[in-house]
Every structure is written in C-alpha cells, then in structure tokens.
Amino acid sequence: EDGPQLGLVFQFKHYPQKMNAHVTAVGGKEMEAAAVSFWPTFREWCKESGATEIEAWTSPAMTRMLARLGFMKAYDVVRMPC
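According to our numbering, the stretch in the sequence shown is residues 57 to 138, in order.
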C-alpha cells in the first residue's frame with residue numbers, strides 16, 4: 057500500500073582493467089533513509105562479487121543525493137539531438 061521503501065536496479069559492467077557495479081535506477085518512498093541502512097551491505101556484496109567500484113550515471117540532483125552515501129563525481133554525460 058505504501059509502495060517500496062527502496063528499489064535498486066544494477067548490472068555488473070566489465071571494463072578491461074576492472075569490473076564495476078553500475079546502478080541503473082534507484083528510488084523509493086524512503087530512498088535516502090533506507091539507503092543509509094542498506095548501502096553498507098550492498099557495497100560489501102559488490103566487493104565480494106568482484107566489483108572494484110559502484111558507478112551511476114545521474115542527473116545533478118541525484119549526484120548531490122548520492123554524494124551523501126559517498127559517491128564522488130567522476131565525469132559528465134552530455135547529449136544532443138540527432
């Protein structure tokens with residue numbers, strides 16, 4: 057009835073020198089609060105699975121939100137219409 061507290065979609069991305077857990081989508085009614093308790097377990101599981109880093113391509117607002125969990129801005133994604 058209240059909806060999910062936290063939802064996460066990710067995939068492992070294999071790069072030539074490392075493997076990352078790429079977060080495709082994250083959200084939920086209590087995302088920030090739920091993420092604080094969930095995140096350490098998820099990080100450890102990713103590490104045990106062979107991931108070197110957890111990455112996400114995000115909007116500026118989500119980048120600011122994820123910074124509270126320890127994410128650091130790595131690069132910008134830019135787009136233009138065809």
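Think of the CB as a built atom: it goes at the ideal place given N, C-alpha and C, for glycine as much as any other residue. Being a predicted model, the structure only gives us computed values, none of them experimental.
message: Give me the residue from Ser105, Lys129, Ile110, Pro137 with the minimum Cα distance to His78.
response: Ile110
message: Here's the rule I'm using: 16 or more other beta-carbon atoms within 10 Å means buried, otherwise exposed. How should Ala91 be labelled?
response: buried
- prompt: What's the call for Ala130, buried or exposed, on a 16-neighbour Cβ count within 10 Å?
  reply: exposed
message: Considering only their Cβ atoms, is the gap separating Met75 from Phe68 smaller than 8 Å?
response: yes
- prompt: Thinking C-alpha only, which one of Gly106, Val133, Glu88 is nearest Glu62?
  reply: Note that residue 62 corresponds to Leu in the displayed sequence, not to Glu. Leu62 has its Cα closest to that of Glu88, out of Gly106, Val133, Glu88.
Residues sharing a beta bridge with Lys69, DSSP: Asn76
message: On a Cα-Cα basis, can you pick out the residue from Arg135, Ser115, Asp132 that is closest to Ala81?
response: Ser115
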